[in-house]
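Shown next, in structure tokens, is the structure this report addresses.
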DNA sequence: CATGAATGAGCTTTCATTCAT
DNA sequence: GATGAATGAAAGCTCATTCAT
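Protein chains in written order, with the working numbering: chain A, 520 to 701; chain B, 520 to 701; chain C, 520 to 701; chain D, 520 to 701.
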């Protein structure tokens, strides 16, 4: 059992649930049944622990997008992307919670500034490469809107509306993007 | 010069810029050139100050939506709503920053839970009442998507992409909603 | 309605119930429905308010002991004193609570030092004058023990034993002192 | 040098001398030459530190009473008890001061409520078991009076009369209880 | 007399971080 | 690798007191 890995996992979970600033390292240690000293032994500081977590999730995102989809049509790729977004959103709320938290909160945004830029460029590029193939016109704008729409759905689903009708919205969105890419 | 009002204003600004938890009351006091004691004299606690601020912004939102638009067609209302959203978003970033912050962060969400529910119900209702008149079919889903889209745009504009092409996106969105209400 | 008098009354009650240090002046003001400024207008400080209260209760004690008992035998006086002690103890717990509090707590003892000395000398004298008449031998010692016994009973009754058998103890004590003054 | 133990010792001393509420933890730390953080490291809160101290003194009291006195007559036990009370009272004023303080002050009584009940039941039982053997009649009442008398003596000696004639009172009390158990 | 805004000192508690073992 | 004692800064909050009105 790699304690370092366990610390990262637990910290991710707690940061997601309670927020970064509202999660003392002591809480991470207690949950992990590990001494306070150990966390400092493994991570230079709380901030650097956060950065490591964020980089790990970025890697995940990159990998999902890199899997060979050479043979797919852009329509298929869009379809798959939406499918995976909606199923992930339901299955792993904490993952989205965490990323929203980190992007929005000024403190964490400062700590993660470069990493956020890096990740969001990647996502924009990946999305744009799809829309480019669909219809090069306005592909940047369409990509931005596409991303914003999904982010907004995640935000409203996770943080605002208890009775957010995710399934119906998924259908609606899928229909919209599958037929005309708009 | 009403110091209470000034404290609210300054706190709003600082909470928006730095986040709630990352803004000590001492920072508010220093900025307001006021003793630490005074803030406790006027507000029972930091949380209650936050609640007061949030309620104030809710009132603003409600009022904007209440202004007599009896004679407007739903199309006109939608147009106006989008116009005001995009111009506000540019003019008063802090206002959106604040609201995003408070919705996303677990700690503030806990403190504001009831107020958030209340406000978001109102916004959903107000939006739905427009879509109802446009085309009753799926009006709830469309409202949710509409709100999510705008939230997502705010989120990406304010927090993620430095070079977010707001103007073009505005045009795109306006076109989309004005022509077919989709 | 003399507000000054009401403030004293309410302060006495609250100081008795919660203790001096644990009772903010703001609590006194709220209970009295009076502004914070007023209490400072009437009393130089919290300490001086305390001193005034203590002096008032001393006056009461002195008066009770001064009422003409010229014609009474020492036995009758002792009887009456015990009777009044036990009935008071039951009827006005707060009065005893207050006095115990003030005597025991280091902070209040410091503030009231001179007044405590004054009052306790008086009580000792008054008691000794009775025992002197009963049997001059060891009257000082007997007085001290008598006072200590009553104080101890108050302490145990009010502060320690929920089921303190006050009535039976009263009988026991009365019998002891009435028959032989021991 | 166990700092935790030292903190308890010093806190006991200061709480006794100045009272619980009148002793900031900072005073304990300064006296112990220790940082403010350390006290929180060892004790969950100021209240829990107080509880720990109180429990420790209860243990002491229990142990004193538990030492094998199987062979003693009740008269001998009473004698010993009084001897130890009076010598302790002179030797360790702070110990009594502390206990009186904690029993009388409303705030500390609230914090220690259960522990006070527990301890005072024990003391009553221990005392009653002696009086039972002396003369079962009225043993409960006699025990209560016995305890009250000693408490009252401590109270008057420590807190009220500077010139309390402890030695003579001791003699008087000893004579009273040794001859007839009254 | 009466109010309540305003001050400032001081309190308990939290917490990231350091360091000897 | 691992522990936990120890530090010190900073936070929110309480409260007696002052003062202009």
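Beta carbons: idealized from backbone N, C-alpha and C, even for Gly. Quick caveat, the model's predicted, so the values are computed rather than measured.
- With respect to chain D, the C-beta atom of residue 693 of chain C has no partner C-beta closer than 8 Å.
- By the rule that beta-carbons nearer than 8 Å mark a contact, residue 574 of chain D does not touch chain C.
- Shown here, residue 543 of chain A sits in coil according to DSSP, grouped into three states, outside any helix or strand.
- For the C-beta of residue 680 of chain A, the chain B residues within less than 8 Å are, from N- to C-terminus, 639, 643, 663.
- Here the C-alpha atom of residue 656 of chain B lies approximately 49 Å from the C-alpha atom of residue 561 of chain B.
- Under the Cβ distance rule, residue 625 of chain B counts among the residues neighbouring chain A, one pair being separated by less than 8 Å.
- By alpha-carbon distance to residue 686 of chain D, the top candidate from D:672, D:696, D:645, D:679 is D:672.
- Per the Cβ contact rule, the region 578-585 of chain B is in contact with the region 638-652 of chain B (3 or more Cβ pairs under 8 Å).
- When DSSP states are grouped into helix, strand and coil, residue 591 of chain C belongs to the coil group.
- The shortest C-alpha to C-alpha distance from residue 538 of chain C to any of C:692, C:678, C:668, C:621 is the one to C:621.
- Counting every other CB atom within 10 Å of its CB across the protein chains shown gives residue 610 of chain D a total below 16, marking it as exposed.
- Annotation: residue 563 of chain C is outside any alpha helix (DSSP H) and is labelled neither H nor E by DSSP.
- Note that the C-beta distance between residue 678 of chain A and residue 623 of chain B is below 8 Å.
- The Cβ-Cβ distance between residue 663 of chain C and residue 664 of chain D does not fall below 8 Å.
- Residue 632 of chain D and residue 670 of chain D have their alpha carbons spaced roughly 18 Å apart.
- Annotation: residue 651 of chain C has no Cβ neighbours in chain D at a cutoff of 9 Å; minimum Cβ distance is about 16 Å.
- Secondary structure at residue 655 of chain C: coil, using DSSP grouped into helix, strand and coil.
- For residue 520 of chain B, the secondary structure class from DSSP, reduced to helix, strand or coil, is coil.
- DSSP, reduced to helix, strand and coil, places residue 676 of chain D within a helical segment of the structure shown.
- Close partners of residue 684 of chain C in chain D (Cβ separation under 9 Å): 659, 660, 663.
- Rounded to the nearest angstrom, the gap between the Cα atoms of residue 590 of chain C and residue 599 of chain D is 44 Å.
- Interface residue (Cβ-Cβ distance to chain D less than 8 Å): residue 670 of chain C is classified as such.
- Proximity of residue 607 of chain C to chain D, defined by a Cβ-Cβ separation below 8 Å, is not satisfied.
- For residue 602 of chain C, the closest Cβ of chain D is not nearer than 8 Å.
- Contact check for residue 661 of chain A against residue 650 of chain A passes: the beta carbons are separated by less than 8 Å.
- Boundaries of the alpha helix (DSSP H) harbouring residue 617 of chain C: 612-623, taken from the DSSP string.
- Taking residue 693 of chain C as the centre and dropping the five residues before and after it, the same chain places the C-beta of 601 closer than 6 Å to its C-beta, in chain order.
- Separation of residue 653 of chain D and residue 697 of chain D (C-alpha to C-alpha, rounded to the nearest whole angstrom) is 11 Å.
- Residue 619 of chain A belongs to the set of residues whose beta carbon lies under 8 Å from a beta carbon in chain B.
- A distance below 8 Å between beta-carbons, with the five flanking residues on each side excluded, links residue 557 of chain D to the following residues of its chain, in chain order: 522, 526, 548.
- In this structure, the alpha-carbon of residue 572 of chain A lies about 10 Å from that of residue 534 of chain A.
- If you compare the alpha carbons of C:688, C:604, C:551 with that of residue 658 of chain D, the shortest gap goes to C:688.
- For residue 632 of chain A, the secondary structure class from DSSP, reduced to helix, strand or coil, is helix.
- In this structure, the beta-carbon distance from residue 584 of chain B to residue 626 of chain A does not fall below 8 Å.
- Contact of residue 674 of chain C with chain D by beta-carbon distance below 9 Å involves 619, 622, 623, 667, 670, 671, 674.
- For residue 570 of chain B and residue 576 of chain B, the gap between their C-alpha atoms comes out near 10 Å.
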